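Down below is the structure, laid out as structure tokens.
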Amino acid sequence: MVQVLKEQVESAVKLYESVEDFQNIDKALKKIRNTFPDFSLQSSLVKVAVVNSLYNTNIFRTLDVAKHISEVVASDGINLEPDFVDKLSLIVLKSNGDDGKSKHYISFTSIFAHNFLSEKFPIYNSFVTKMVAYHLHEEAKKYGSYADFYHDFYMLLHSLDFKTTVSDMHKYLWISGEYRKFCGLKPWENPSQEINPDLKRIFLKKDDSTKNLLDDTVKDLYGPLFRE
């Protein structure tokens, strides 16, 4: 197991907080959560459209997704367990001739759940899942369900020898993962420019303060490895 260090999380949080656009997105989502606290079709549609737009989650049938979320909550109530996120993520399309075609929107639904159900739900994306597998297993692992990813995320979170939040842990896994891919560092094998453009601008900065923070996010890769 490759341990996560306190400096890594703290440095990632500072980098995140240096991006004004990220702060504006967080504030906008909080305002929407407060303005539309229920999960009626209209409220769900607003939330789905906003998450899809801000996070580029490639939802093309926003009304179908909003209807599904509204119907599940109306039928089952809100269940703050990972299986509930999986249930919300499995959408049966009902418009534009797609009757009966199902889609599994895990990434989108994890963002929706994190922002509008509970911050206990970590956000699922390709960078975070790869980093969780790297720290826990030191190898690639594909997560077939949100519940499977959730289990490993919390296993990693509970392995820390310091306290942090789900949100700050996510910031570390995401930003460090993007930076590692940009540089071609473990668990990525080759450098790539296909990363978040806001983070890319940070990665290209030359000032010592930014460079030191970036170095700290990948602290497990140099010097002695910290392993259990």
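Read in the working numbering, the sequence shown has 73 at position 85, and its numbers run on one by one without any break.
No residue lacks a Cβ here, since even glycine has one placed at the ideal position from N, Cα and C.
Predicted model, so just to flag it, every value in this text is computed and none were measured.
Discussion item. Just verifying my parser: in three-state terms, what is the DSSP assignment at L78?
Written reply: Here residue 78 corresponds to residue number 90 of the sequence shown, with the count starting at 1. It is a strand residue.
Fill in: Buried/exposed call for I111, threshold 16 Cβ in 10 Å
Position 123 of the sequence shown, counted from the start, is the residue given in the question as residue 111. So I111 ends up on the buried side.
Worksheet entry | Buried versus exposed, by CB contacts within 10 Å (16 or more), M143 | As a working mapping, residue 143 is identified with position 155 in the sequence shown. The residue is exposed, with fewer than 16 neighbouring Cβ atoms inside 10 Å.
Practice prompt. Go ahead and pull the three-state DSSP assignment for S28.
Written response: Position 40 of the sequence shown holds residue 28. Note: S28 maps to coil in three-state DSSP.
Worksheet item: Any chance the segment 169 to 176 sits against the segment 0 to 16, with 3 or more Cβ pairs inside 8 Å?
Response: In this structure the segment 169 to 176 does not lie against the segment 0 to 16, because fewer than three pairs of beta carbons, one per stretch, are closer than 8 Å.
Discussion item. Going by the DSSP bridge assignment, what does S6 pair with across the sheet?
Written reply: Position 18 of the sequence shown holds residue 6. According to DSSP, S6 bridges with nothing at all.
Worksheet entry | Spatial distance of I79 from S90 (CA atoms) | As a first step, residue 79 must be located in the sequence shown, where it is residue number 91. As a first step, residue 90 must be located in the sequence shown, where it is residue number 102. C-alpha separation (whole angstroms): 5 Å.
Discussion item. Which of the three DSSP states is assigned to K15 in this structure?
Written reply: Counting from one through the sequence shown, the residue named residue 15 turns up at place 27. In the structure shown, K15 sits in a helix (DSSP, three-state: H, G or I).
Worksheet item: Should V(-8) and H102 be called a contact, given that it needs their Cβ atoms to be closer than 8 Å?
Response: Locating residue -8 in the sequence shown gives position 4, counting from the first residue. Locating residue 102 in the sequence shown gives position 114, counting from the first residue. Cβ atoms of V(-8) and H102: not closer than 8 Å.
Discussion item. What does the alpha-carbon distance come out to for the pair S197 and V(-3)?
Written reply: Taking the first residue of the sequence shown as 1, we reach residue 197 at position 209. Taking the first residue of the sequence shown as 1, we reach residue -3 at position 9. For S197 and V(-3), the distance between alpha carbons rounds to 16 Å.
Item to complete: Determine the direct distance from the alpha carbon of K19 to that of F72, and round the result to whole angstroms.
Response: Indexing the sequence shown from 1 puts residue 72 at position 84. Indexing the sequence shown from 1 puts residue 19 at position 31. When rounded, the distance between both Cα atoms is 24 Å.
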